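To keep things clear, I will list the structure first and then write my remarks on it.
Residue numbers (our numbering): 7 to 88.
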């Protein structure tokens with residue numbers, strides 16, 4: 007789906023502990039980060055013992071420009087990559 011935040015919590019064995027998909031209602035930089043923080047907290051609350059987190063990964067859609075492997079994301083996401 008488009009215009010959604012999809013989060014997955016995975017343990018070190020690669021097992022998926024929880025998945026969440028939340029509609030993106032505010033596409034400003036502040037709005038995306040606020041929704042991401044709330045979605046992350048809700049996802050962790052669904053797992054009994056999530057433990058400490060080692061890292062986080064982010065992926066977004068967009069086309070490669072062919073120059074320096076730069077991805078040309080949709081306008082609302084451009085500020086996140088700068």
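Beta carbons: idealized from backbone N, C-alpha and C, even for Gly.
A quick note: this is a predicted structure, and the numbers were derived from the prediction, not measured.
Could you give the residue range of the beta strand (DSSP E) that holds residue 44?
First-last for residue 44: 35-51, but that is the alpha helix (DSSP H), not the beta strand (DSSP E).
Return the bridge partner residues of residue 1 from the DSSP annotation.
Residue 1 lies beyond the residue range present for the chain, which begins at 7 and ends at 88; the question has no answer from this structure.
Could you please give me the residues that DSSP links to residue 12 through a beta bridge?
Answer is 27.
Give the C-beta separation of residue 51 and residue 11 to the nearest angstrom, bearing in mind that I take them to be a contact with Cβ-Cβ under 8 Å.
Contact between residue 51 and residue 11 does not hold, since their C-beta atoms are separated by about 16 Å, which reaches or exceeds 8 Å.
Ordered along the chain, which non-local residues of its own chain (more than five positions away) have a Cβ less than 7 Å from that of residue 42?
Around residue 42, the same chain offers 11 as residues with beta carbons nearer than 7 Å, after the five sequence neighbours per side are excluded.
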